[in-house]
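For reference, the structure discussed in these notes is given below.
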Amino acid sequence: MKPRKSKKRVPSFRKLLKTSKIKLDNKLKNKQFKQQSTAKKYRKEQRKLRQAVKDAVSKKPMPLEDNKKKHPEREEEEEEALPLDMMDEDDMKLMEELAQRASFITRDLSSNEPVHAKKRKNESVIEKYEKKPRRMQTEPEKELIHLLPIKDKRGIIPQTMEKPVKEEEEEEEKDEIEEMEEAQALDEPLPVLTAEELLVHRKKKLQEKKMHIAALASAILSDPENNIKKLKELRAMLMEQDPNVAVIVRKLVMISLMELFKDITPSYKIRPLTEKEKNTKVRKETQKLREFEEGIVSQYKFYLENLEQSVKDWKQRKLKKSNVISLKAYKGLAEIAVKCLCELLVALPHFNFHNNIIVLIVPLMNDASKQISEMCCGAVKTLFKQDKLGYASLGVVKVISGLVKSRNYDVRPEVLMTLIHLRIKEVEVKKDAEDITPKKRFMSYQEKRKNLSRMQRKWKKAEEKLERELLEAEASESTEKKLKLHTETLNIVFLTYFRILKKAQKSPLLPAVLEGLAKFAHLINLEFFDDLLLVLHSLMVSGPQRESALYSFCFPNFVWSR
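According to UniProt numbering, the stretch in the sequence shown is residues 1 to 562, in order.
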């Protein structure tokens, strides 16, 4: 039997020379320890250096005179000291030689050590700084900035730089001079102008304001997203303070802003962003659109507040402290403000703050001023005629009902006459532009076979089927919304009418109520007819004054003839 061969390989010479892992770890540890020790030494030296600089800066300067008691022997020597003219030539030469040596000046003369004595190794850094000559402080202390120190033969010299401070005294003098100039300018009498010169000056200033308004408006219209700040600048002109042109400028700005908002506002309501949407990152275009939407909503809100304030100032009959506008001018401003509100009520029923405009306009329908009342009633009528879906109409009817009740049915008949213009007839709903528009035409079978391949015909069929389903769903949804809104609106209208019939039978509102009932009689619920007929019968019995009104209700299509 042959001896079994060992499977272990003999280690190569290269492997034998290879350093063990333990040895490498030890080398690494030693290296790290050396680095740590050198770092510690460096930190220690730096700490000492900083402490020395700090002590040198913070230490108070020593007085020039030595307060120590002099030895009597030295006092005698000083008394016996000879003047210069009585000194020998050898002594004079010695003094000159000592003066030329730098070590003579810097040497600590109080010590008895020789000039060129070797420095001790253990001498502290603080003692070195103590031996340096000091200067007595004669100027006030200034703020210093500590720089890196310099090292020379004498040792470490700390470097500092004065902190640059603004000279307050010069600034105060300048302010005083400016105040004096302003006071002199105020004291100087203004040049007296004639009536013609004042008129020319006013026309010139007004023309400048008009050009500025036109420039801002054209810039906003050309690029609304990038010029939203100019909209703010234009709105700020509503607070014009120049008494010569304030009224006209404010009126022009009101109308300009109204036309701008009608043109640049989007065709949808802008909702506020949620916290999650604000924190999420979006593209530049989306962020730009968001900023534009936020800007236009905020400026529109401030504009409406300014219009409301103009109306309130006129209502309260109060002059402002600045006396920029006269009491008579407030009425003109209020009329323009109401006109702008009416235009926005009709033009932007879909946009933000529409309900706020309704709350402002409806009470003004009953205003004592006939012009303002007619303006507001006309705007509400136009809104009723244009409102297809019924959201805006419902909001206006709610506010009118609340106004009539809060005034105890003491309102103008024109307020209730506006309700006749509501679009709640089935005929008018069917005549909407959406219903008149021709339906979408789909391709016939022959056209598909002629123009499309077999696969395209298959896809086209599925697409048309889906479109038909979507159109049906939209039509049913819009119809349901209209019916729901119209029902709610009519309920509020009839509730108002019935309240007036029961509680204010002698009111001048009765003809308007009966005319409204005649208009919507076919939509009244049958459950209310018995009560309605009883009320009408009592009105007929009460006297002949209301015959014409009752005939108009009972026989709306009756034509009187001789």
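In this text, a Cβ means the ideal position worked out from N, Cα and C, and glycines have one as well.
Practice task
Can you tell me which of the three DSSP states L144 falls into?
Solution key: Translated into the one-based positions of the sequence shown, residue 144 becomes position 144. Strand.
Handout entry: Spatially closest choice to L536 from H522, A518, L523 and E294, by CA coordinates
Key = As a first step, residue 536 must be located in the sequence shown, where it is residue number 536. Taking only the C-alpha atoms, the option nearest L536 is A518.
Practice task
Output the boundary residues of the alpha helix (DSSP H) element that contains Q309.
Solution key: To locate residue 309, count along the sequence shown from 1; it is residue 309. Unbroken alpha helix (DSSP H) run through Q309: K284 to Q316.
Exercise for the section: Could you pull the start and end residues of the alpha helix (DSSP H) that M417 belongs to? Expected result: Along the sequence shown, read from residue 1 onward, the residue named residue 417 stands at position 417. Segment P413 to M417, the alpha helix (DSSP H) holding M417.
Handout entry: Backbone CA spacing between V404 and N306 [nearest angstrom]
Key = Here residue 404 refers to the residue found at position 404 when the sequence shown is read from its first residue. Here residue 306 refers to the residue found at position 306 when the sequence shown is read from its first residue. Their Cα atoms are separated by approximately 27 Å.
Practice task
Examine the Cβ distances between the region 235-251 and the region 259-272 and report whether three or more of them are shorter than 8 Å.
Solution key: no
Exercise for the section: Assuming L422 contacts L485 (C-beta within less than 8 Å), just tell me the rounded distance between them. Expected result: Numbered from 1 along the sequence shown, position 422 holds the residue referred to as residue 422. Numbered from 1 along the sequence shown, position 485 holds the residue referred to as residue 485. Not a contact, Cβ separation roughly 11 Å.
Handout entry: Own chain, CB closer than 6 Å to H146, minus 5 neighbours either side, in chain order
Key = Position 146 of the sequence shown, counting from 1, holds the residue named residue 146. Cβ neighbours of H146 beyond the five flanking positions: T160.
Exercise for the section: Can you give me the start and stop residues for the beta strand (DSSP E) that Q159 sits inside? Expected result: Indexing the sequence shown from 1 puts residue 159 at position 159. Here the beta strand (DSSP E) through Q159 covers G155 to E162.
Handout entry: Cβ neighbour criterion (16 or more within 10 Å) applied to E196
Key = Taking the first residue of the sequence shown as 1, we reach residue 196 at position 196. Result: exposed.
Problem - Where P149 falls: helix, strand or coil (DSSP) - result: Residue mapping note: residue 149 aligns to position 149 of the sequence shown, counting from 1. Correct three-state label for P149: strand.
Problem - Alpha carbon of A512 to alpha carbon of K312, nearest angstrom - result: Here the question's residue 512 lines up with position 512 in the sequence shown. Here the question's residue 312 lines up with position 312 in the sequence shown. A512 and K312: Cα-Cα distance of roughly 30 Å.
Problem - Buried or exposed by the 16-neighbour rule on C-beta atoms within 10 Å, applied to Q309 - result: Against the sequence shown, residue 309 aligns to sequence position 309. Exposed: under 16 other Cβ atoms inside 10 Å.
Exercise for the section: Report the rounded CA-to-CA distance for T265 versus S406, giving the unit in angstroms. Expected result: Along the sequence shown, one-based indexing puts residue 265 at 265. Along the sequence shown, one-based indexing puts residue 406 at 406. Roughly 35 Å separates the two Cα atoms.
Exercise for the section: Pick out whichever of F494, L144 and L206 has its Cα sitting closest to the Cα of H522. Expected result: Numbered from its first residue, the sequence shown carries residue 522 at position 522. Nearest option by C-alpha distance: F494.
Practice task
Take S393 and list the residues in its own chain whose beta-carbon comes closer than 8 Å to its own, dropping the five residues that flank it on each side.
Solution key: Reading the sequence shown from its first residue, position 393 is the one you call residue 393. Around S393: L383, F384, D387, L422, R423, L485 and T489.
Practice task
State the start and end residues of the unbroken alpha helix (DSSP H) segment that holds S393.
Solution key: Here residue 393 corresponds to residue number 393 of the sequence shown, with the count starting at 1. S393 -> alpha helix (DSSP H) spans Y391 to S406.
Handout entry: I228 burial status per 10 Å Cβ neighbour count (16 or more: buried)
Key = Taking the sequence shown and counting its residues from 1, the one referred to as residue 228 is at position 228. Its Cβ being crowded by 16 or more others within 10 Å, I228 is buried.
Problem - When C376, F351, M365 and K460 are compared against Y391, the one with the closest alpha-carbon - result: Locating residue 391 in the sequence shown gives position 391, counting from the first residue. Nearest option by C-alpha distance: F351.
Exercise for the section: Give the straight-line distance between the Cα atoms of L221 and L345, rounded to the nearest whole angstrom. Expected result: Indexing the sequence shown from 1 puts residue 221 at position 221. Indexing the sequence shown from 1 puts residue 345 at position 345. Straight-line Cα distance between these residues: approximately 21 Å.
Exercise for the section: Within its chain, find whatever has a CB closer than 6 Å to the CB of E343; leave out the 5 residues flanking it on each side and keep chain order. Expected result: Residue numbering aside, residue 343 sits at position 343 when the sequence shown is read from its first letter. The answer, listed in chain order, is M258.
Practice task
Specify, as a first and last residue, the run of the alpha helix (DSSP H) that N366 falls within.
Solution key: Here residue 366 corresponds to residue number 366 of the sequence shown, with the count starting at 1. Counting along the chain, N366 falls outside any alpha helix (DSSP H), and DSSP gives it neither H nor E.
Practice task
Consult DSSP for R250 and reduce its assignment to one of helix, strand or coil.
Solution key: Taking the first residue of the sequence shown as position 1, residue 250 is located at position 250. Looking at R250 - three-state DSSP - the assignment turns out to be helix.
Practice task
Let me know if Y300 comes out buried or exposed under the rule of 16 or more other beta-carbons within 10 Å of its beta-carbon.
Solution key: Against the sequence shown, residue 300 aligns to sequence position 300. Label assigned to Y300: buried.
Handout entry: Check whether R250 and L364 have beta carbons under 8 Å apart
Key = Here residue 250 is taken as the residue at index 250 of the sequence shown, counted from 1. Here residue 364 is taken as the residue at index 364 of the sequence shown, counted from 1. Not a contact, by the Cβ cut-off of 8 Å.
Problem - Coarse secondary structure for L327, derived from DSSP in three states - result: Position 327 of the sequence shown holds residue 327. L327 falls in the helix class under three-state DSSP.
Practice task
Would you mind stating whether residue 602 and K328 have Cβ atoms separated by less than 8 Å?
Solution key: What the structure shows of the chain is the stretch from 1 to 562, and residue 602 is not part of that stretch, so it cannot be assessed.
Problem - Cβ shell of V297 (< 8 Å), same chain only, five flanking positions each side left out - result: Taking the sequence shown and counting its residues from 1, the one referred to as residue 297 is at position 297. These residues qualify, in order along the chain: I270 and N352.
Handout entry: Under the three-state DSSP convention, the category T382 falls into
Key = Here residue 382 refers to the residue found at position 382 of the sequence shown. T382 falls in the helix class under three-state DSSP.
Practice task
Give the straight-line distance between the Cα atoms of H354 and Q207, rounded to the nearest whole angstrom.
Solution key: As a working note, residue 354 is residue 354 in the sequence shown. As a working note, residue 207 is residue 207 in the sequence shown. Taking the straight line from one Cα to the other gives about 34 Å.
Problem - Cut-off 6 Å between Cβ atoms - residues of its own chain near L238, not counting five sequence neighbours on either side - result: Within the sequence shown, numbered from 1, the residue matching residue 238 stands at position 238. Same-chain partners within the cutoff: R250, V253 and N306.
Problem - Beta-carbon contacts of K209 that lie in its chain and below 7 Å, excluding the five residues immediately before and after - result: Locating residue 209 in the sequence shown gives position 209, counting from the first residue. Correct list, in chain order: V245 and V249.
Exercise for the section: Could you check if E277 is buried or exposed, using at least 16 other CB atoms within 10 Å of its CB as the buried criterion? Expected result: Looking up residue 277 in the sequence shown gives position 277. E277 comes out exposed.
Exercise for the section: With a 10 Å radius around its C-beta and 16 neighbouring C-beta atoms as the bar for buried, classify N366 as buried or exposed. Expected result: For the purposes of this step, residue 366 is identified with residue 366 of the sequence shown, where counting begins at 1. Label assigned to N366: buried.
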